[in-house]
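Asks: Take a look at the following structure, please.
2 protein chains.
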Amino acid sequence: MAAQSESSSSQSSTNRHAGHATQRIAQWGAAATWRDVPAAVRHEAKRALVNYMAVALAGCTDPTLDKAVRVYQRFGADRSAGMIGRCERFDMLNAAALNAMSANVFDFDDTHIPTIIHPSAPVAAALLALAQTRPMTGEALLLAFVLGVEVECRIGNAVSPEHYQRGWHITSTCGVFGAAAAVAKVLGLNARQIAWALGNASAQAGGLVETLGTMSKSISVGNAARNGLLSALLAADDFSGPDAPLEGTRGFLRVTAAQPKIEALTDGLGLEWSLLSNTYKPYPCGVVLNPVIDACLDLRRDAHWSLDDVERVELTGHPLLRERTDRPAVRSGRESQVSAQHAVAVALATGKAGLAQFSDSAVGDPSLRAFGARLRFIDDPSWPVESAQVAVVLRSGDTISRRIQAARGSLAAPLADVELAAKLHELAAYGGSGVAPQPLIDTLWRFDGEADAAVLMKLACAN
Amino acid sequence: MAAQSESSSSQSSTNRHAGHATQRIAQWGAAATWRDVPAAVRHEAKRALVNYMAVALAGCTDPTLDKAVRVYQRFGADRSAGMIGRCERFDMLNAAALNAMSANVFDFDDTHIPTIIHPSAPVAAALLALAQTRPMTGEALLLAFVLGVEVECRIGNAVSPEHYQRGWHITSTCGVFGAAAAVAKVLGLNARQIAWALGNASAQAGGLVETLGTMSKSISVGNAARNGLLSALLAADDFSGPDAPLEGTRGFLRVTAAQPKIEALTDGLGLEWSLLSNTYKPYPCGVVLNPVIDACLDLRRDAHWSLDDVERVELTGHPLLRERTDRPAVRSGRESQVSAQHAVAVALATGKAGLAQFSDSAVGDPSLRAFGARLRFIDDPSWPVESAQVAVVLRSGDTISRRIQAARGSLAAPLADVELAAKLHELAAYGGSGVAPQPLIDTLWRFDGEADAAVLMKLACAN
Numbered sequence: 000m001a002a003q004s005e006s007s008s009s010q011s012s013t014n015r016h017a018g019h020a021t022q023r024i025a026q027w028g029a030a031a032t033w034r035d036v037p038a039a040v041r042h043e044a045k046r047a048l049v050n051y052m053a054v055a056l057a058g059c060t061d062p063t064l065d066k067a068v069r070v071y072q073r074f075g076a077d078r079s080a081g082m083i084g085r086c087e088r089f090d091m092l093n094a095a096a097l098n099a100m101s102a103n104v105f106d107f108d109d110t111h112i113p114t115i116i117h118p119s120a121p122v123a124a125a126l127l128a129l130a131q132t133r134p135m136t137g138e139a140l141l142l143a144f145v146l147g148v149e150v151e152c153r154i155g156n157a158v159s160p161e162h163y164q165r166g167w168h169i170t171s172t173c174g175v176f177g178a179a180a181a182v183a184k185v186l187g188l189n190a191r192q193i194a195w196a197l198g199n200a201s202a203q204a205g206g207l208v209e210t211l212g213t214m215s216k217s218i219s220v221g222n223a224a225r226n227g228l229l230s231a232l233l234a235a236d237d238f239s240g241p242d243a244p245l246e247g248t249r250g251f252l253r254v255t256a257a258q259p260k261i262e263a264l265t266d267g268l269g270l271e272w273s274l275l276s277n278t279y280k281p282y283p284c285g286v287v288l289n290p291v292i293d294a295c296l297d298l299r300r301d302a303h304w305s306l307d308d309v310e311r312v313e314l315t316g317h318p319l320l321r322e323r324t325d326r327p328a329v330r331s332g333r334e335s336q337v338s339a340q341h342a343v344a345v346a347l348a349t350g351k352a353g354l355a356q357f358s359d360s361a362v363g364d365p366s367l368r369a370f371g372a373r374l375r376f377i378d379d380p381s382w383p384v385e386s387a388q389v390a391v392v393l394r395s396g397d398t399i400s401r402r403i404q405a406a407r408g409s410l411a412a413p414l415a416d417v418e419l420a421a422k423l424h425e426l427a428a429y430g431g432s433g434v435a436p437q438p439l440i441d442t443l444w445r446f447d448g449e450a451d452a453a454v455l456m457k458l459a460c461a462n
Numbered sequence: 000m001a002a003q004s005e006s007s008s009s010q011s012s013t014n015r016h017a018g019h020a021t022q023r024i025a026q027w028g029a030a031a032t033w034r035d036v037p038a039a040v041r042h043e044a045k046r047a048l049v050n051y052m053a054v055a056l057a058g059c060t061d062p063t064l065d066k067a068v069r070v071y072q073r074f075g076a077d078r079s080a081g082m083i084g085r086c087e088r089f090d091m092l093n094a095a096a097l098n099a100m101s102a103n104v105f106d107f108d109d110t111h112i113p114t115i116i117h118p119s120a121p122v123a124a125a126l127l128a129l130a131q132t133r134p135m136t137g138e139a140l141l142l143a144f145v146l147g148v149e150v151e152c153r154i155g156n157a158v159s160p161e162h163y164q165r166g167w168h169i170t171s172t173c174g175v176f177g178a179a180a181a182v183a184k185v186l187g188l189n190a191r192q193i194a195w196a197l198g199n200a201s202a203q204a205g206g207l208v209e210t211l212g213t214m215s216k217s218i219s220v221g222n223a224a225r226n227g228l229l230s231a232l233l234a235a236d237d238f239s240g241p242d243a244p245l246e247g248t249r250g251f252l253r254v255t256a257a258q259p260k261i262e263a264l265t266d267g268l269g270l271e272w273s274l275l276s277n278t279y280k281p282y283p284c285g286v287v288l289n290p291v292i293d294a295c296l297d298l299r300r301d302a303h304w305s306l307d308d309v310e311r312v313e314l315t316g317h318p319l320l321r322e323r324t325d326r327p328a329v330r331s332g333r334e335s336q337v338s339a340q341h342a343v344a345v346a347l348a349t350g351k352a353g354l355a356q357f358s359d360s361a362v363g364d365p366s367l368r369a370f371g372a373r374l375r376f377i378d379d380p381s382w383p384v385e386s387a388q389v390a391v392v393l394r395s396g397d398t399i400s401r402r403i404q405a406a407r408g409s410l411a412a413p414l415a416d417v418e419l420a421a422k423l424h425e426l427a428a429y430g431g432s433g434v435a436p437q438p439l440i441d442t443l444w445r446f447d448g449e450a451d452a453a454v455l456m457k458l459a460c461a462n
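Chains as they are written, first to last, in our numbering: chain A, 0 to 462; chain B, 0 to 462.
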C-alpha cells in the first residue's frame, strides 16, 4: 500500500525552485527548430555521428555482439531495421539496442567531458532505427540528435559527479532519456507527450558500474537506446507518465544523487550546447592515457634507439594517472586499455595505438610485458590530467623526453574532421564488415541536406 | 575512461564479509530441488499463483494494458505466448512484460510484508511465458517460482527500508532478479550461469516511485519480467556478467542503499522462506485500510441504522493510517484506493469493497463524498498498523463500534484458500475476459502433479 499512498504525495511535492524542469525541457524540445541550432553545434553533431559510425563498425563483430544478435534475433517482429556493419535484420527496438551496444562495446565512443557520458550511442542508435521505418530528412534526424544529446547531458550534469561515483553507469542511466527525447522530437510529439516520454524513460533508467568490463554492461547501453525509443513510441500513444520524472521528490535526480543540481537541467537551455563539450578518443584507452600515448608515438617517430637500449621509462603526470593505470600484469585486451605499462610498451614498440594494439592477442606478447616492467611513475599533482611527460632513459645515460600539454582528442586539442574520417576508415577495416567508409563519411558531412535519412543505414549495413 | 579504470577495481573489491553472496545464491539455486521445499512453502507458491491469476484477469483489460498491447504487439517475433485474459499472441518477452503489468496495474497483487515487494508478478509472468515455448512440468515451474521469489525478496530485505523510501519502486528493481533467477533455474543453468543471469539483471534494474499512479509504473513492472527472462536467456548463451553484481562495491545493493544488509542475501538460505511472509489483499486498497474496511463491512452487515442517521464516524488507529489515507476529495478510482474517507463511505454504503467500489465511476458519486466528510481520525501510536477501530456515532447519540485486531489478509489473519479462489472468481468476472475461473483454480491446487505446465496458460488465455 505504501506504494499507492507515496505516489500521490510524491507527485504533488515537486520542488518549486526546480521550476518544473521536466515541463520546461519538454516545451523547449517541442518548439526547437534546426534554425535554433548554431552552426558549430550542427557541425559537432555530424562529427559525433562520424565517430559513432566508426566505433559501431569496429564493435559490430565483437563476441559480445555475436551473442546478443543470436538472442535478440529470436525476438524481432519484422526485419525493418538493420545493424551497422552486419547483414542481419531486426525490428527497430532490437536494432536500436544492438547499434548502441556495438558503438560502446570498446568504450571507444565519444565522451562528454563534464559527465563522462558516452552520449551518441543511445541517441543515434534509436534515431537510426526509427529512420528505417519512418520517412524523415537528415535535418530532422540531426535536430533530434542534438536535442537528445542535450537532454541526456543536462541530466548527467544535474547528477554529476556523485551519480557515477556511487556506481551508476551514467551512459546508460542518462542515455535512455536522451534517446526518448530525440525520438519524441522526430515523431513530432507535443510538449505534454515529450514529458511523458521522459517519464516513461524514468521508469527504465538503469545500469551499474559493477558490470563494466563484462558483457552485462552492453545490455544496459543497448537498453538505453531501445527503451528510450519505446518510451517515445508509448508516449505517442498517450501512455502517460508523472509530471516531474526528473526533479520530483522521488524522481530520477533525487533518487540517484543526494545533492542534484536541478538548475543544471534548464540553465542556459537553448543557449549553451552540450555537444560543444563532446570529445572523440584517438586511442581505445582510458582518456588519462591519451597524453602518454601521444608522447610515446612522438618519441618513436623520431627514435634513433631501439627498445633494447632502454634502461627505464619515466612517466610524469597527475597522481590520477598512476592510480588509474598502474597495471603491470594485464591479462586481457580490455584490461590493457587502462594499463600504462602496456600502452607505453606497445606504442614505443609498434608506433601504433589502435584496437589491434589493445587486443587479447597484443597482450599475449611477453616482450611487451617485460618492457612494461621498466616503467616508473612520477606523481606531480600540479599537472593537469590532460598532460603528461614520457622520458626514455637509455642505457647510454641519455634521456629523450616528450611533454604533452593537451592530449589529442581533448577539448583543447580536438581531433580534426579528417582525423575523425581516418578513424572511421581504420575502424571499418578493423571490424571487417566490408562496409565502404567513404560514402558514409561523405553522406554525414552533408547530412542536413539529405532528403531521406534512411540512406545512412543503407550505406552502413553489410550485405 | 573512468569507466574502464573503475571496472577492474570494482570487480576485485568485493566485500569479503559478504561471503561472495551472489555466488552462494547461484550455487544454492543450481542445486535446489522440489524435495528441498517444505510443504507449507509449496502450498504458499500455489496460493500466490491463484492470487496472481486473479489480479491478472482483473487488470488485463485496463486502459494501461490496452495501450501497452497496441505498442508491444508491433514488436513480437512470433505468436508463441499468450496474455492472461486476452486473445492476442506475443513472443515470450512481450508476453512476460504484459502479464506482469496486468497483474500489478491495480496494486491488488501480493505483498511480501518485510519489503512491500509485490513478488509474484515479475516471476510468474516470466515463467509462464517461457512455459509456453519450452516443455516443463508444473513441479519444475513451481520450484523455479519459489526460488525466484526467494531471490527477489532476499535482495529486497538487503536494501530495505532505505531503498523504497529513497524512491526505488522495489517490485521492479528487485523483480528483475527474481525473474532472472527463476528462469535460469527452469532452464537448468549451472551456478556460473545463474550468477551471470543475476549480473545481466543487475544491468537492467530500474523503476521509480515517482511513476506510481501513472501508466509509466507499469513499464518498469513489465520490464522486470521481460528483462529477467532476457537476462537468463543471455546467460544460457554464456553472455557473462560481473562476479558480484549484488554485493560488489558498485553492485546493486550498495548503489541503491547506503547501508545494505548484505548478510540478508544468504542468512538462512534454504531454511527460511520468503513466501511464508507473503500476503494477499482482500481489498484493492492500501494495506493500512484493510482493518478499516473489515470493520465497516462488519458494521454494515449488522446495521439497524441508515447512513442518514450517522452524525460522524470516528476512526482510531496508528498515526500512519491518517498520514497515508486522509484524502477527503478524491478525483480518481486510483486515488480512492488510498482514501479512508472513500473507503469508509463506500463500504458502509454498499457493503462491498471490490475494484468496482474503487473505480472512477464509484468516485463520481457525490453522496459518498458528502458522507466521507463526516470522518474523524483519532491517532493512537500504540495501535499496530494492522489494527483499527471504526465507531459510527448516530444522531440519536448511540455509538456502534468495531475493533479489528488483525485485518483480513494480514500475516496474522491470512486469506483462506477458499477466499483466494473466490477472489479469482470475482476478479475474472470484473475483467470480463470470459476465462473460466474454476479450471484454473483446480489446475493450480494440483499443479505440482501437472506433466505439462503450459496447460495453465491455455486455460488462462481468452479466445
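Where a beta carbon is used, it is the ideal one built from N, C-alpha and C, also for glycine.
I need the straight-line Cα distance from Phe251 of chain B to Arg323 of chain A, nearest angstrom please.
Replies: For this step, residue 251 of chain B is matched to residue 252 along the second sequence. For this step, residue 323 of chain A is matched to residue 324 along the first sequence. So the two alpha carbons sit approximately 23 Å from each other.
Asks: DSSP state of Phe105 of chain B, grouped into three classes?
Replies: Residue numbering aside, residue 105 of chain B sits at position 106 when the second sequence is read from its first letter. Looking at Phe105 of chain B - three-state DSSP - the assignment turns out to be coil, as it is neither helix nor strand.
Asks: Does any CB atom of chain B fall closer than 8 Å to the CB of Val208 of chain A?
Replies: Translated into positions along the first sequence, residue 208 of chain A becomes position 209. Chain B contact via Cβ: present.
Asks: Using a Cβ-Cβ cut-off of less than 9 Å, give me the residues of the region 61 to 86 of chain A that come near chain B, in sequence order.
Replies: Thr63, Lys66, Ala67, Arg69, Val70, Tyr71, Gln72, Arg73, Phe74, Gly75, Ala76 and Asp77
Asks: For Ala450 of chain A, is the classification buried or exposed, using 16 other Cβ atoms within 10 angstroms of its Cβ as the cut-off for buried?
Replies: By 1-based counting over the first sequence, the position of residue 450 of chain A is 451. Classification of Ala450 of chain A: exposed, given that the 10 Å Cβ count is below 16.
Asks: Along the beta strand (DSSP E) that carries Glu478 of chain B, what are the first and last residues, could you check?
Replies: Look at the range of chain B in this structure, 0 to 462, and you will see that residue 478 of chain B is not part of it.
Asks: In the structure shown, what three-state DSSP assignment does Arg394 of chain B receive?
Replies: On the second sequence, residue 394 of chain B is found 395 positions in, with the first residue counted as 1. It is coil, neither helix nor strand.
Asks: Using the C-alpha atoms, what's the distance from Arg311 of chain A back to Gly353 of chain A?
Replies: By one-based count along the first sequence, residue 353 of chain A stands at place 354. By one-based count along the first sequence, residue 311 of chain A stands at place 312. The straight-line gap from Cα to Cα measures roughly 24 Å.
Asks: Inspect the beta-carbon positions of Pro244 of chain B and Thr60 of chain B and report whether they are closer than 8 Å.
Replies: The sequence position of residue 244 of chain B within the second sequence is 245, counting from 1. The sequence position of residue 60 of chain B within the second sequence is 61, counting from 1. Contact flag unset, no.
Asks: Is the shortest distance between the beta-carbon of Ser409 of chain A and the beta-carbons of chain B less than 8 Å?
Replies: Along the first sequence, read from residue 1 onward, the residue named residue 409 of chain A stands at position 410. Not one chain B Cβ lies under 8 Å of Ser409 of chain A.
Asks: In angstroms with no decimal places, state the Cα-to-Cα distance between Asp447 of chain A and Lys184 of chain A.
Replies: Here the question's residue 447 of chain A lines up with position 448 in the first sequence. Here the question's residue 184 of chain A lines up with position 185 in the first sequence. Whole-angstrom Cα-Cα distance: 16 Å.
Asks: Is Ala30 of chain A near the ligand MN, going by C-beta to nearest heavy atom under 7 Å?
Replies: Here there are no bound small molecules, and the ligand MN is not part of this structure.
Asks: For a test of the three-state rule: what should DSSP assign to Thr32 of chain B, helix, strand or coil?
Replies: The residue labelled residue 32 of chain B in the question sits at position 33 within the second sequence. It is coil, neither helix nor strand.
Asks: Please report whether the beta-carbon of Met52 of chain A lies at a distance below 8 Å from any beta-carbon of chain B.
Replies: For the purposes of this step, residue 52 of chain A is taken as the residue at position 53 of the first sequence. No, its Cβ sits nowhere closer than 8 Å to a Cβ of chain B.
Asks: In three-state terms, what does DSSP make of Ser201 of chain B?
Replies: Taking the second sequence and counting its residues from 1, the one referred to as residue 201 of chain B is at position 202. In the structure shown, Ser201 of chain B sits in a helix (DSSP, three-state: H, G or I).
Asks: Name the one or two DSSP bridge partners that Ala80 of chain B has.
Replies: Your numbering for residue 80 of chain B matches position 81 in the second sequence. Answer is B:Phe89, bridged to Ala80 of chain B.
Asks: Relative to chain B, which residues along the region 197 to 221 of chain A have a C-beta separation below 7 Å, given in chain order?
Replies: Gly198, Asn199, Ser201, Ala202, Gln203, Ala204, Gly205, Gly206, Leu207, Val208, Glu209, Thr210, Leu211, Gly212, Thr213, Met214, Ser215, Lys216, Ile218 and Ser219
Asks: Can you pull the DSSP bridge partners for Cys460 of chain A?
Replies: For the purposes of this step, residue 460 of chain A is identified with residue 461 of the first sequence, where counting begins at 1. Beta-bridge pairing links Cys460 of chain A to A:Ile83.
Asks: Using a C-beta to C-beta distance shorter than 7 Å, which residues of chain B count as neighbours of Trp167 of chain A?
Replies: Position 168 of the first sequence holds residue 167 of chain A. Chain B residues near Trp167 of chain A: Val254.
Asks: So, does the CB of Ile244 of chain B fall closer than 8 Å to a CB anywhere in chain A?
Replies: Stepping through the second sequence from its first residue, residue 244 of chain B is reached at position 245. Per the sequence shown, the amino acid found at residue 244 of chain B is Pro instead of Ile. Yes, contact with chain A.
Asks: Within the 8 Å Cβ cut-off, does Leu264 of chain A reach chain B?
Replies: Along the first sequence, read from residue 1 onward, the residue named residue 264 of chain A stands at position 265. Leu264 of chain A does not count as touching chain B.
Asks: What does the Cβ neighbour count give for Arg46 of chain B, buried or exposed, with the cut at 16 atoms within 10 Å?
Replies: Counted from its first residue, the second sequence places residue 46 of chain B at position 47. Its Cβ being crowded by 16 or more others within 10 Å, Arg46 of chain B is buried.
Asks: Note down, in chain order, every chain B residue with its Cβ under 8 Å from the Cβ of Asp236 of chain A.
Replies: For this step, residue 236 of chain A is matched to residue 237 along the first sequence. Going along chain B in sequence order, the residues near Asp236 of chain A (Cβ under 8 Å) are Lys66, Arg69 and Val70.
Asks: On the DSSP bridge assignment, give the partners of Val389 of chain A in chain order.
Replies: Residue mapping note: residue 389 of chain A aligns to position 390 of the first sequence, counting from 1. According to DSSP, Val389 of chain A bridges with A:Leu314 and A:Arg401.
Asks: By Cβ distance, which residues of its chain are closer than 7 Å to Met456 of chain A, with the 5 residues on each side in sequence left out?
Replies: Locating residue 456 of chain A in the first sequence gives position 457, counting from the first residue. The answer, listed in chain order, is Gly81, Leu127, Ala130 and Gln131.
Asks: Against Gly240 of chain A, what residues of chain B qualify as contacts under a CB-to-CB distance less than 8 Å, listed in chain order?
Replies: Locating residue 240 of chain A in the first sequence gives position 241, where the first residue counts as 1. What Gly240 of chain A touches in chain B, judged by beta-carbon distance under 8 Å, is Thr210, Thr213, Met214 and Ser215, going in chain order.
Asks: Tell me the rounded alpha-carbon separation between Arg333 of chain B and Val417 of chain B.
Replies: For this step, residue 333 of chain B is matched to residue 334 along the second sequence. For this step, residue 417 of chain B is matched to residue 418 along the second sequence. Taking the straight line from one Cα to the other gives about 27 Å.
Asks: Consider the Cβ of Gly332 of chain A: report whether some Cβ of chain B lies at a distance smaller than 8 Å.
Replies: Sequence index remark: in the first sequence, residue 332 of chain A carries index 333 (1-based). No, no contact with chain B.
Asks: Taking the beta carbon of Ser381 of chain B as the centre, do at least 16 other beta carbons fall within 10 Å, making it buried, or is it exposed?
Replies: For this step, residue 381 of chain B is matched to residue 382 along the second sequence. That one is exposed.
Asks: With respect to the beta strand (DSSP E) encompassing Ile377 of chain B, which residues constitute its N-terminal and C-terminal limits?
Replies: Walking along the second sequence from the start, residue 377 of chain B turns up at place 378. Per DSSP, Ile377 of chain B belongs to the beta strand (DSSP E) from Leu374 to Asp378.
Asks: Just the chain C side, please: which residues come within less than 7 Å of Leu232 of chain B by C-beta, in chain order?
Replies: You won't find chain C in this structure, because its protein chains are A and B.
Asks: DSSP three-state call for His424 of chain A: helix, strand or coil?
Replies: Along the first sequence, one-based indexing puts residue 424 of chain A at 425. If DSSP states are grouped into helix, strand and coil, His424 of chain A belongs with the helices.
Asks: Please report how far the alpha carbon of Gln336 of chain A lies from the alpha carbon of Arg407 of chain A, in whole angstroms.
Replies: Sequence index remark: in the first sequence, residue 336 of chain A carries index 337 (1-based). Sequence index remark: in the first sequence, residue 407 of chain A carries index 408 (1-based). Near 17 Å, if we compare the C-alpha coordinates of Arg407 of chain A and Gln336 of chain A.
Asks: CB Gly350 of chain A to CB Leu264 of chain A, shorter than 8 Å?
Replies: The count along the first sequence starts at 1 and reaches residue 350 of chain A at position 351. The count along the first sequence starts at 1 and reaches residue 264 of chain A at position 265. No, Cβ-Cβ distance for Gly350 of chain A and Leu264 of chain A is not below 8 Å.
Asks: Identify the continuous alpha helix (DSSP H) that holds Asp325 of chain A and give its terminal residues.
Replies: The count along the first sequence starts at 1 and reaches residue 325 of chain A at position 326. First-last for Asp325 of chain A: undefined, no H or E at that position.
Asks: Please look up how many angstroms separate the CB atoms of Glu161 of chain A and Gln258 of chain A, rounded, as I've assumed it's under 8 Å.
Replies: For the purposes of this step, residue 161 of chain A is taken as the residue at position 162 of the first sequence. For the purposes of this step, residue 258 of chain A is taken as the residue at position 259 of the first sequence. The Cβ separation is near 7 Å, so the contact holds.
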